[in-house]
Amino acid sequence: MSQNKFVIPGDVIITGSYTPEQNVILDGDKIMSTAIGFYEIEDNRVNVIPLTGLYTPKIDDLIIGKVMSHSALSWDVDINSYYTGMLQASDIFGRDYSPSKDDLSLKLCVGDIISTRIINAGGSRGPLLSISGQNLGKIDSGELVKISPTKIPRLIGKHGSMIQTIESSTNVTITIGQNGLIVLKCDDSAGLKKAVESIKMMDKALHNTNLEEKIQNILDEKN
Numbered sequence: 001m002s003q004n005k006f007v008i009p010g011d012v013i014i015t016g017s018y019t020p021e022q023n024v025i026l027d028g029d030k031i032m033s034t035a036i037g038f039y040e041i042e043d044n045r046v047n048v049i050p051l052t053g054l055y056t057p058k059i060d061d062l063i064i065g066k067v068m069s070h071s072a073l074s075w076d077v078d079i080n081s082y083y084t085g086m087l088q089a090s091d092i093f094g095r096d097y098s099p100s101k102d103d104l105s106l107k108l109c110v111g112d113i114i115s116t117r118i119i120n121a122g123g124s125r126g127p128l129l130s131i132s133g134q135n136l137g138k139i140d141s142g143e144l145v146k147i148s149p150t151k152i153p154r155l156i157g158k159h160g161s162m163i164q165t166i167e168s169s170t171n172v173t174i175t176i177g178q179n180g181l182i183v184l185k186c187d188d189s190a191g192l193k194k195a196v197e198s199i200k201m202m203d204k205a206l207h208n209t210n211l212e213e214k215i216q217n218i219l220d221e222k223n
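In case it helps, UniProt numbering puts the sequence shown at residues 1 to 223.
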């Protein structure tokens, strides 16, 4: 069962044996909204998709960020959040990093886009980032698209179904940041255009009514 209805904080969405997930709370046997948006019920799981919102950092999330500045010891990274991410110099240079010998700007410059992972979300200076790992680091090419972070689960789809459909239909390689930033790479401009259009439509849609059909129509269009 999948349902959609506009709710505000405090609204009772449903009563009974359901699993509360994002932006809802359980009060006795009632599941109540904690955000303004549309609720969804699927496989007995209840979520509210907020209409707007910045990214809330979570440990181990893969995100995409933009280098804003750097000090002698770290880079400050815009992660589309209330907080600024921090990437320590030692994450790239290693334990032997020396501010007097190593130049941070030789590795990452202001404006560079990076794929990174959150390793600590509760630091006093903001979330701690790392680019140590497979497919992490500076992104040298691709088109950057920004959507609401709350729409990322919808873009991925159940068991990755939606994003797989877009990739297979367009031959576009898509890197999704949980913070709402997405990088698309493709040599075919027509395929890239379809993928971008599909993602932007998903971001604008207020609920899931006929969304898959609308996306499929975009993907099926002739070049």
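Ideal placement from N, C-alpha and C gives every residue a C-beta, glycine not left out. Since the structure is predicted, the reported quantities are computational estimates derived from the model, not experimental observations.
Give the DSSP-derived three-state secondary structure of residue i in the structure shown.
i	result
Arg95	coil
Lys194	helix
Arg154	helix
Gly85	strand
Leu73	coil
Thr116	strand
Ile59	coil
Tell me, to the nearest whole angstrom, how far the beta carbon of residue i is from that of residue j; I am working on the premise that it is less than 8 Å.
i	j	result
Tyr55	Ser81	4 Å
Val12	Val46	Not quite, the Cβ-Cβ distance comes to about 11 Å (not below 8 Å), so this is no contact.
Leu184	Ile174	5 Å
Ile131	Ile92	7 Å
Report yes if the CB atom of residue i is closer than 8 Å to the CB atom of residue j, and no otherwise.
i	j	result
Gly133	Arg117	yes
Pro127	Tyr83	yes
Asp16	Met32	What sits at residue 16 in the sequence shown is Gly, not Asp. No, the Cβ-Cβ distance between Gly16 and Met32 is not below 8 Å.
Ser115	Leu136	yes
Asn171	Gly191	yes
Lys194	Glu212	no
Name the two residues that bound the continuous beta strand (DSSP E) containing residue i.
i	result
Glu40	37-42
residue 312	Since the first residue of the chain shown is 1 and the last is 223, residue 312 is not available in this structure.
Ile174	173-176
Ile182	181-185
Decide if residue i is buried, meaning its Cβ has at least 16 other Cβ atoms within 10 Å, or exposed.
i	result
Ser148	buried
residue 253	Past the boundaries of the shown model lies residue 253; the chain is included only from 1 to 223, so the question cannot be answered.
Gly94	exposed
Asn179	buried
Taking 8 Å as the CB-CB limit, is residue i close to chain B?
i	result
Tyr83	Included in the structure is just one protein chain, with no chain B present.
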